[in-house]
Amino acid sequence: MEIIIAKNYRELSRLAAEAVIRQIRRKPRTVLGLPTGHTPIELYHDLVAAYQTKKISFRYVSTFNLDEYVGLNQTDPRGYHSYMRKNLFSKVDLKPENEHILDGRASNVKKECARFEAQLRKVGGIDLLILGIGKDGHIGFNEPGSKINSKTRTVKLSESTRRANAKYFGSAAKVPRRALTMGIGTIMQAKKIILLAHGKEKAAIVKQALSGKISAKIPASFLRQHRNLIVILDKAAASKLK
Ligand code: PGA
């Protein structure tokens, strides 16, 4: 594990974007694993800028998103299909057939998760996976209690996660109770992982994940067993690390 402490959110975003840009330049057919949420917004902004200035093309890139709420339409502005369209997909030359996001409205959820895993296998797995971390230590929507070998599946969202996402839905009660998420086992198979955290409200969980006991109580702690993990923090998120 390599830990990089950036000056601030801007530098964190730039460092993460540079890693993605290097990866795509080295391997145009890169398979990316992508997060949503507040943390990667400026990373996506920088990737769009890199595309616009012709530093990279997404023409041969494939993407696999980490998660999606159960029950939201693909056009629902609070869902992750909309988030990805708005922040990245509509602004770069990624081919729609190479974008993969779990369908939260699938009638057969088990089949949908199996389909996602099969698509991932077909492209040879994720080359570079970017992750955020929840205040409860989740990665994707793998909430505390998730097993290290878990596959893509439906999960019940924790109260902490529903509270954290209340801002997008008006209240915690309106946040969907369930989601589909890439499993931890699936995440651990990525060839390279970059974990991002910024802000002081992530400092306590970052400390637990990076220096506490490795356990399902803090799913992000499992990442320390990955052979190619880079953690990029801003100073505030790193403030409780020794
Ligand atoms: P955030 O979410 O980037 O909005 O803080 C991170 C996460 O829940 O994984």
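Letter by letter, the sequence shown follows residues 13 to 254 in our numbering.
C-beta: ideal position from N, C-alpha, C; glycine also.
With contacts defined as CB atoms closer than 9 Å, G49 and L141 fail to qualify as a contacting pair.
Per DSSP, the unbroken alpha helix (DSSP H) holding A176 starts and ends at E171 to A176. In chain order, K203, K204 and I205 place their CB closer than 7 Å to the CB of N240, counting only its own chain and leaving out the 5 sequence neighbours on each side.
Between V167 and A191, the CB-CB gap stays under 9 Å. Spanning the alpha carbons of D88 and P188 requires a straight line of approximately 13 Å. If only complete runs of 3 or more residues are kept, the segment 183 to 237 shows the beta strand (DSSP E) at 190 to 193 and 204 to 209, in order along the chain. Put simply, the backbone Cα of L143 is about 15 Å away from that of G211. For I145, the number of other beta carbons within 10 angstroms of its own is at least 16, and it is reported as buried.
When distances are taken from the beta-carbon of H150 to the heavy atoms of the ligand PGA, the shortest one is below 8 Å.
In this chain, the beta strand (DSSP E) harbouring F76 covers S74 to N77.
A distance below 9 Å separates the beta carbons of Y63 and V104.
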